[in-house]
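Peer 1: Here it is, the structure, as structure tokens.
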Amino acid sequence: MSKKYNQSTGLALGLAFGVAFGILFDNLGLGIALGLVFGLTLGASQSRKREE
Numbered sequence: 008m009s010k011k012y013n014q015s016t017g018l019a020l021g022l023a024f025g026v027a028f029g030i031l032f033d034n035l036g037l038g039i040a041l042g043l044v045f046g047l048t049l050g051a052s053q054s055r056k057r058e059e
């Protein structure tokens with residue numbers, strides 16, 4: 008069974024960690040924004056690696 012990893016997986020992981028850090032540092036808006044950025048970056052890099 009092959010594991011499929013795409014941008015939505017990276018986005019979900021980034022948002023989860025972003026919300027956790029936002030709650031931890033009492034700044035949920037910043038946590039969500041950073042989670043989106045890191046999640047999309049992670050998803051894009053992983054999908055690019057799969058194509059090569």
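30 is the number that my numbering gives to position 23 of the sequence shown; each next residue is one higher, with no gaps. Just so it is clear, CB atoms sit at the ideal spot from N, CA and C, and this is done for glycine as well.
#1: Take the Cβ of residue 31 as the centre, count every other Cβ of all protein chains shown within 10 Å, and call the residue buried at 16 or more, exposed below.
#2: What's the C-alpha gap between residue 37 and residue 23?
#3: Since residue 32 is in the alpha helix (DSSP H), which residue starts that stretch and which ends it?
#4: What's the C-alpha gap between residue 52 and residue 39?
Peer 2: Straight from the coordinates:
#1: On the sequence shown, residue 31 is found 24 positions in, with the first residue counted as 1. Classification of residue 31: exposed, given that the 10 Å Cβ count is below 16.
#2: As a first step, residue 37 must be located in the sequence shown, where it is residue number 30. As a first step, residue 23 must be located in the sequence shown, where it is residue number 16. Roughly 13 angstroms separates the two Cα atoms.
#3: Here residue 32 corresponds to residue number 25 of the sequence shown, with the count starting at 1. Boundaries for residue 32: no alpha helix (DSSP H) harbours it, and the DSSP string shows neither H nor E there.
#4: Taking the sequence shown and counting its residues from 1, one reaches residue 52 at position 45. Taking the sequence shown and counting its residues from 1, one reaches residue 39 at position 32. One C-alpha to the other measures close to 20 angstroms.
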